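*Asks:* Next up is a structure, given as structure tokens.
Protein chains: 4
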Amino acid sequence: MIRVPAEPSGRLPEAWRHCVGTGRIDLALRRDYQDSLALVQRDIGFRYIRGHGLLSDGMGVYRPYEWEGTRRVRHSFTYVDQVLDAYQELGIRPFLELGFMPSELASGEQTVFWWRGNVTPPRSHREWAELVKATLTHLVDRHGLDEVRTWPIEVWNEPNLTDFWAGADLKAYLKLYEVTAHAVKEVDAALQVGGPAISPGADEWLDRFAEFAEERDVPVDFVSKHAYTSGPAQPVPFGVHQTLAPAEDLLDQFATPRARLKGTRLAEVPVHITEFNSSYCPDNPVHDTAFHAAYLAPVLARGGDLVDSFSYWTFSDMFEEAGVPTSLFHGGFGLLTHRQIRKPAYHLYAFMARMGPDLLARGEDHLVTRHPDGRVTVLAWAPVDPSGETPGPSRHRLRLNLPIKSRQAFVRRSGVDEEYGNARTAWQAMGSPRSPDAHQLAVLHEAAEPVRRHQRLPVEGGAVDLDLTLQRHEITLVEVTPVEDESPPWADERRLLGGQPR
Amino acid sequence: MIRVPAEPSGRLPEAWRHCVGTGRIDLALRRDYQDSLALVQRDIGFRYIRGHGLLSDGMGVYRPYEWEGTRRVRHSFTYVDQVLDAYQELGIRPFLELGFMPSELASGEQTVFWWRGNVTPPRSHREWAELVKATLTHLVDRHGLDEVRTWPIEVWNEPNLTDFWAGADLKAYLKLYEVTAHAVKEVDAALQVGGPAISPGADEWLDRFAEFAEERDVPVDFVSKHAYTSGPAQPVPFGVHQTLAPAEDLLDQFATPRARLKGTRLAEVPVHITEFNSSYCPDNPVHDTAFHAAYLAPVLARGGDLVDSFSYWTFSDMFEEAGVPTSLFHGGFGLLTHRQIRKPAYHLYAFMARMGPDLLARGEDHLVTRHPDGRVTVLAWAPVDPSGETPGPSRHRLRLNLPIKSRQAFVRRSGVDEEYGNARTAWQAMGSPRSPDAHQLAVLHEAAEPVRRHQRLPVEGGAVDLDLTLQRHEITLVEVTPVEDESPPWADERRLLGGQPR
Amino acid sequence: MIRVPAEPSGRLPEAWRHCVGTGRIDLALRRDYQDSLALVQRDIGFRYIRGHGLLSDGMGVYRPYEWEGTRRVRHSFTYVDQVLDAYQELGIRPFLELGFMPSELASGEQTVFWWRGNVTPPRSHREWAELVKATLTHLVDRHGLDEVRTWPIEVWNEPNLTDFWAGADLKAYLKLYEVTAHAVKEVDAALQVGGPAISPGADEWLDRFAEFAEERDVPVDFVSKHAYTSGPAQPVPFGVHQTLAPAEDLLDQFATPRARLKGTRLAEVPVHITEFNSSYCPDNPVHDTAFHAAYLAPVLARGGDLVDSFSYWTFSDMFEEAGVPTSLFHGGFGLLTHRQIRKPAYHLYAFMARMGPDLLARGEDHLVTRHPDGRVTVLAWAPVDPSGETPGPSRHRLRLNLPIKSRQAFVRRSGVDEEYGNARTAWQAMGSPRSPDAHQLAVLHEAAEPVRRHQRLPVEGGAVDLDLTLQRHEITLVEVTPVEDESPPWADERRLLGGQPR
Amino acid sequence: MIRVPAEPSGRLPEAWRHCVGTGRIDLALRRDYQDSLALVQRDIGFRYIRGHGLLSDGMGVYRPYEWEGTRRVRHSFTYVDQVLDAYQELGIRPFLELGFMPSELASGEQTVFWWRGNVTPPRSHREWAELVKATLTHLVDRHGLDEVRTWPIEVWNEPNLTDFWAGADLKAYLKLYEVTAHAVKEVDAALQVGGPAISPGADEWLDRFAEFAEERDVPVDFVSKHAYTSGPAQPVPFGVHQTLAPAEDLLDQFATPRARLKGTRLAEVPVHITEFNSSYCPDNPVHDTAFHAAYLAPVLARGGDLVDSFSYWTFSDMFEEAGVPTSLFHGGFGLLTHRQIRKPAYHLYAFMARMGPDLLARGEDHLVTRHPDGRVTVLAWAPVDPSGETPGPSRHRLRLNLPIKSRQAFVRRSGVDEEYGNARTAWQAMGSPRSPDAHQLAVLHEAAEPVRRHQRLPVEGGAVDLDLTLQRHEITLVEVTPVEDESPPWADERRLLGGQPR
């Protein structure tokens, strides 16, 4: 029995919902994408969204042409506006990532992904700077300076990997960063620019980045890196499998920037984990499972102690880095599949969104908070075995003694596990239909609904005893509400069918 | 183990959803009403809707005035049009009930209900006939003759009760019927008129009605009566309790018109039960319970053998015969409460709407049908004790052997009982809040969601064994679908976390 | 030519949209009402809404009952919550009017209106005070104290008229006011209570009210009265005609409270004109005309100098004081008819809603404002002859020299007059169909659309010359926007069909 | 004065709205696209929609992979289903075009358009046939055979042009056609297959196609070609200008297939013009003009006499063949711009959609029809000068004597010309903003609204005289409705302001 204190130890940080990842930014033109994001915003409410490709060819921004014998450039924002207007309508702000290279401005032909993002440095740093300035100036004109000052601007993506930046050339990146940062500040000195958006395992780039910023007096308003826990890819057709490190490894990765930058000029700037997940592959089925939600739960509960944001990569399976998915469930990153089937990780986030602002307790299998109106909310999760050597315990018991100001308490519980709230399990039972028809989609939507239970519990000594049994890989949200009983004195269930009153 | 035959014995009649009842017709102007009806139509899809008050003052149809010294009448359809346009938009047709009396046309001042419907004969049968003709002519002009010919037109409501027709005067009713039927046919001979809309226990009125129709050659296109099973009201503040007869009693009441009219000119006309329910009181909590759904299930399964329609009274708690309800749950007739909380009886109807057209089997605790696409659907219900002497068995087991054309079957089950899919239970646990706030309403909407389970079952000998355990007062829908397995050969759950393939 | 100054003389007061009137409050349960209010809020955006009947029987609040031999009272908020939740959803707050009397609490049987609001004093002032306190306590519980403190609470309606308050008994009103005001303050001292909500022509009640408040130290947080300009009713069937005083008469009526209360304790409290219109009859066709918009335009332009609000009575024709309307256009108060046909007065309000916050100029036929982004907006109106002796000039010319910061200006004009933006004219041409069908409604919606014109004008000396000709009874909105020309050098209309470039 | 006969000469063919074109099919995943199509379907209601790219890489259908050392192919319909489900929801059916080549199945690397559709023959005709069969089988499984039998299946696009089919190789096309047609018929013999989808000026391909079909007994269920009237492109940056042939030239092009195929086996098969427009360039500003609507009006009025369908290329500016548009108005093919601004050609189609089924008269500047309810509708257009040598007459007068069965007629007119209903004119006056902000978009939506006028006209001798003056490049819709006058005897406008009655 864990006794939860009646007074909060502080606020639950909002870092877990500060930002979320998205497939390349032009996918935001899609209806399925927008439908998914609308659902996410209704149930979760992320503040920012970050994705690749803002300056890639698909967005049509950089448009050279000839007129009267001279080469000129038109900067065009037809799709940028459609995307950002949609974000505004959906109540989410962009966490801008500047990249990749427009092919007509690129110095080489190397591309990344099925959709061919060019990853080479600009042919002309002057033209790149013009492009950056034109883009930000347009955004400021359209959205207002006060607004755009709240949008972080990150320079490039994972330049430490050869796939994402030709030759993983640190010097070339620092040059690009410097040119970009100055271009940003030329538009407005209060715009927020940062980097280096590195992948896991390259923290030495942080040191170089800090040194460079100091030596050259380059503006850095925030520092960013990514975090993943998966091992090497074991490919199967249209998919991969991978081993996973324990979830704590994510928290360790979150912690390194602040540790590493201590004593540098960047010691105090915000740290954003601009991508995190278990597997970095968009076709690893682990993303679709109840295991995945239970695995990530402690990360969401604790990550905010370490960084200013950690951004789940990504909110939707509408994502085409490895091509168009060939099956509804395909191991995509999404909290949602195409067609808005909610995965267990979606529920994890939706449950987090229902936690209160005041932190009462936090343990290895639970998080307890309180709302201003007195409701106490518990997020609990079953322990998992990421090694895969055991299936995880089939039952996990957790007893909490929760403070509550009333004589009776109403308890509402929502659960997601291997059986309930688990559309993937239902989908497998249906025969794993790659292109489900309307009826099958309806079944899956229904299957994704968590199971709900309700009960009245007595309050004793200002607290209620909550005895929870979790199923394998279950995450569960419990809301305990003070009861004010309005049932009239004549209420008597024994009389329902005309029987004698008590 | 019940072996369900592979070949249908016939079609499942649609009488159960031919018609539904509504509070007085001007309530259809309300938004909560329309929101509720939209939900009902999405999930159930009734064909017709019937309610009182079309000609009562609230609809503003009969409007005498003076001009140049003469009394004249304007017939006005401002609200009639708003209501019928709403019905059209919602995909439901009116089952017209002509009544009650406009107060300026009435011969007396007796009224019924909190909303004061005048229940006296017309001061002038000529003016009444003009009113009927003007109304139907307007409807034909607006909706087209083909359409209006499909709308049954019922004359008055429960004239055999003194509350509803001054003095329960049979002769006066027959006179009203005659005048009305001729007025209807004057507009168009193919319009459908009928009566006498009697309450239970007055079947001798059917005999008199048939004799009168024969003697006076009065058109009768259908016969109507009502059916209820409750005993005398045991009042409490804002509510009543009543004993109930067994549900079979409803089927017996359905059966009497055809039996009684055999050999008369009305032997072959359609029979409509234009109202039915357990209790006839709009403030009996039994309407809100899981018991009520399990109690009515066999009636829905069998009623269509006996009559052309039986119309649940009513689809929504938006109903004011006893005044404005003072509490969210208050024992209203509705399938839905105000604010669209689904009651167990709502789920019963929604489950029926998912049954297939082909009838495979029917028993005392189950109904089995098949869809053209091969899906087999089972509606099962736990037996209830309407005497209230026992609480009903806490568990009920049912084993069915179901024909299915595939090697594997996908089984999807939705259940509603005392705990799950039961917002009333949750509401009581919350302290019976009379005016729930937005958060409480959200909890109740969630609590009203049935519990869902999914599994894969093997098919042997062209059939699947379904072993169901029902909880107390449970109704459950099971859908069994042939599985075509698309999972690829490389699918292997053991590899999810990077483990070795099998 | 009127030269409009480049610098604002101040802010345009928002009194014109502080509040709007509504038919009795339970009509807010209707869908047509809510659809209309949604449109109004989208295009106009009133802050508050005020109507009769909050405590009348139709809302079902006051519910006496017996239990264990004792009479008790249940206060019930089923419909109050539905109405106020709808207002909240629609972004408008209630301007609460406490009245009329629940019939079971009334001391007499006198009623007002077709819907029979009881206008007699309470049988028990103690029970009335309990009712007031229970209602406000419920509202505070549900909506929060901060919110409810922003809702004005007005005691009764037009107690100086015998129709609205038995005997127009001043003493009885002051007693009611006193009891009510103290009950309100008992709930929370910062709730805002006021009165006496008098009809025009009874300003001596203001003197008595102020004296009484002073003598008895009764809280008065605001003072309210009504203003209308129509003469005696000349009835026709389903309608009336009336003479009208000039519109300035409304401004004179607005001005009297502050003048009269100078030197009293109420000298500084806000003054709300809680109802105003030309005719006080809900069936005077003048409300539906272009004349009416042009007549009221100067009142909207100037009224805010005199009072804190002046509330148009009412936003919609969904209004039943004289019974259910018998025709789409029937002279109702509404800015909108049933089915949301916009009347000219609707456009007047919608035009006002597009004026900027900075007041540049105001004249007898125009109002000029500027938005923060530099747009200059002009509301202009043709002079009318309210005596009806002349039809009003067929053309009216207005020349304005408007300051604008650019080299070119884009001019956008919307107009409503006897022909354009005038559904009533189209409706008459269609034959005045009382119950228009769907096609006719579509024509009327289209006919209600203002006519729009656009042009580019040169700017000279920092200003643009706007030469407007208004048609009879026209109101027109002109928006002048600085142009930044982005047309490329190769743009050349002569080449559209392959012709030679210039 | 043209006297229009009272009796129809026949039905107005629906060929004008049988089909509409779209940018490449995966654009249908976009929200702007679906919003536009929803509007088009509401106002126009096309039956079918045709676009390129169903089998191109962007749709992700053809997906080779290796498993256990063998190359295999997965056919995947993730996006096909999303697109066709959207079409179904929007009430439009696909006119399937089979192409272009999946790059992994292609025999070469030649591509067309910015989005790089591969235009080379398949590397393996067997695999192509498998792809075709798998696709159609999937569609039949999902949508039902009855439904898919109504979907025309066209083989490739403009194979007579080297841009669209490597080498414009006739023999290779006939081979592809043959393989495809047999593959289609293998799925179901009643599926409808056709070609050769040629561009203008290649009618000899029709002869070869017919001979080949006859010689090899290849199924051909319909014949298709395209029609355009523009001359050579005169490029400017981000646009082109072109000369245009007179609109009659389109009708001539429509007529050739039937003429040419007379006497062949294809003489009786349906002829579909699967693309038509004035200019074939997606960046010719003529598409955005009032001229364009007036130019096409006679084609819509007469085209149905010559072919079974003629499909406007395309419904929306969401179209990327020449890259992402850099400006809101850019000369796109669309009836709608991005963001759903209606162009004059949109109104032409919307006006056509309001014409009646019975054809009364047709002239060089007008089309007259009647609805079953007696409404007479006139589409009139001003003559244009496509040579561009004159601007077209500034006024055009048309007098029609229209039969109408009533004593009075209600006349409703909607007009679009150089000033009214013309967002492009307003956009130019605004300074041609390439990326309009929300306010500017609202202005443009408003500016796109046609001007409306209404009047009552007397009927004499069963007919009404309609005297129309059209402005330059005006298209106008006039609806003449019989009036049944319901205005009461006491209606008298002179009493509006309390004046004396007549």
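Protein chains in written order, with UniProt numbering: chain A, 1 to 502; chain B, 1 to 502; chain C, 1 to 502; chain D, 1 to 502.
Ideal placement from N, C-alpha and C gives every residue a C-beta, glycine not left out.
Computed from a predicted structure; not experimentally measured.
Whether or not the region 316-325 of chain A and the region 436-456 of chain A are in contact is what I'm after, with contact meaning three or more pairs of Cβ atoms, one per stretch, closer than 8 angstroms; do they touch?
*Replies:* Judged by Cβ distances under 8 angstroms, the region 436-456 of chain A makes no contact with the region 316-325 of chain A, as fewer than three pairs qualify.
*Asks:* In this structure, what does DSSP give as the bridge partners for Ala-259/C?
*Replies:* Answer is none; Ala-259/C lacks a bridge partner.
*Asks:* How about the region 353-367 of chain D and the region 292-306 of chain D: do they share at least three Cβ pairs that are nearer than 8 angstroms?
*Replies:* At 8 angstroms Cβ cutoff, the stretches touch.
*Asks:* Quick one: what's Phe-310/A bridged to in DSSP?
*Replies:* Note: Phe-310/A sits in a beta bridge opposite Ile-273/A.
*Asks:* Just verifying my parser: in three-state terms, what is the DSSP assignment at Lys-405/D?
*Replies:* Note: Lys-405/D maps to coil in three-state DSSP.
*Asks:* In this structure, does DSSP put Met-318/C in helix, strand or coil?
*Replies:* Reduced to three states, the DSSP call for Met-318/C is coil.
*Asks:* Thr-135/B: buried (16+ other C-beta within 10 angstroms of its C-beta) or exposed?
*Replies:* Thr-135/B is buried by the Cβ-count criterion.
*Asks:* Measuring straight from C-alpha to C-alpha, what distance separates Arg-30/D and Gly-356/B?
*Replies:* Answer to the nearest angstrom: the Cα atoms are 36 angstroms apart.
*Asks:* Any contact of the region 154-165 of chain B with the region 57-65 of chain B, i.e. 3+ C-beta pairs under 8 angstroms?
*Replies:* Taking 8 angstroms as the limit for Cβ pairs, the verdict is that the region 57-65 of chain B does not touch the region 154-165 of chain B.
*Asks:* Name, in chain order, the residues that DSSP records as bridge partners for Met-101/A.
*Replies:* According to DSSP, Met-101/A bridges with Asn-118/A.
*Asks:* Can you tell me the Cα-Cα spacing of His-219/A and Val-286/D, whole angstroms?
*Replies:* Note that residue 219/A corresponds to Pro in the displayed sequence, not to His. Distance between the alpha carbons of Pro-219/A and Val-286/D: 49 angstroms.
*Asks:* Name the chain C residues whose beta carbon is nearer than 8 angstroms to that of residue 504/D?
*Replies:* What is shown of chain D runs 1 to 502, which leaves residue 504/D out entirely.
*Asks:* Determine the burial state of Arg-149/B: buried for a count of at least 16 other Cβ atoms within 10 Å of its Cβ, exposed for fewer.
*Replies:* When all chains shown are included, Arg-149/B counts as exposed.
*Asks:* Would Thr-65/A pass as an interface residue toward chain D - the criterion being a Cβ-Cβ separation below 7 angstroms?
*Replies:* Here residue 65/A is Tyr; the residue named in the question, Thr, does not match the sequence. Chain D, which has a Cβ nearer than 7 angstroms to the Cβ of Tyr-65/A, makes this yes.
*Asks:* Using the beta-carbon of each residue, which ones in chain D are nearer than 7 angstroms to Arg-452/C?
*Replies:* Near Arg-452/C (Cβ distances below 7 angstroms), the residues of chain D are Glu-446, Ala-447, Glu-449.
*Asks:* I'd like to check one pair, Leu-441/D with Arg-342/D: are the Cβ atoms closer than 7 angstroms?
*Replies:* Not in contact: Arg-342/D and Leu-441/D (Cβ atoms no closer than 7 angstroms).
*Asks:* Within 10 Å of its beta-carbon, does Glu-147/A have 16 or more other beta-carbons around it, so buried, or fewer, so exposed?
*Replies:* By the 10 Å Cβ count, Glu-147/A comes out exposed.
*Asks:* Sort out for me which residues DSSP pairs Gln-192/A with in a bridge.
*Replies:* Answer by DSSP bridge pairing, in chain order: Pro-152/A.
*Asks:* In angstroms, rounded to a whole number, what distance separates the CA positions of Gly-108/D and Pro-122/D?
*Replies:* Rounded to whole angstroms, Gly-108/D to Pro-122/D spans 8 angstroms at the Cα level.
*Asks:* What does the Cβ neighbour count give for Gly-461/B, buried or exposed, with the cut at 16 atoms within 10 Å?
*Replies:* Gly-461/B comes out exposed.
*Asks:* Are the region 221-234 of chain D and the region 260-275 of chain D in contact at 8 angstroms, needing three or more beta carbon pairs?
*Replies:* As far as the Cβ criterion goes, the region 221-234 of chain D touches the region 260-275 of chain D, which means the pair count is three or higher.
*Asks:* Flag this pair as yes or no: are the beta carbons of residue 507/D and Gly-331/D separated by less than 7 angstroms?
*Replies:* Residue 507/D lies beyond the stretch modelled for chain D, which goes from 1 to 502, so this question has no answer here.
*Asks:* Taking Cβ-Cβ distances below 9 angstroms as the criterion, which residues of the region 370-392 of chain D are in contact with chain C?
*Replies:* Listed in sequence order: Asp-373, Arg-375, Asp-385, Pro-386, Ser-387, Gly-388, Glu-389.
*Asks:* If contact means a Cβ-Cβ distance below 8 angstroms, which residues of the region 241-252 of chain B contact chain A?
*Replies:* Under the 8 angstroms Cβ criterion, the region 241-252 of chain B contributes His-241, Gln-242, Thr-243, Leu-244.
*Asks:* If we ignore side chains and look at the alpha-carbon of each, how far apart do His-125/B and Phe-95/B end up?
*Replies:* Each residue's Cα considered, the two are about 23 angstroms apart.
*Asks:* So Arg-302/D is in the alpha helix (DSSP H); what residue range does that whole segment cover?
*Replies:* 290-302 is the span of the alpha helix (DSSP H), which, as asked, contains Arg-302/D.
*Asks:* Taking a Cβ distance cut-off of 7 angstroms, strictly less, list which residues of the region 456-484 of chain A are near chain B, in chain order.
*Replies:* Against chain B - using a Cβ distance shorter than 7 angstroms - the residues of the region 456-484 of chain A are Arg-456, Val-483, Glu-484.
*Asks:* Along chain D, in chain order, which residues have C-beta atoms closer than 8 angstroms to that of Arg-208/A?
*Replies:* Within 8 angstroms Cβ-Cβ: nothing; Arg-208/A doesn't reach chain D, min ~37 angstroms.
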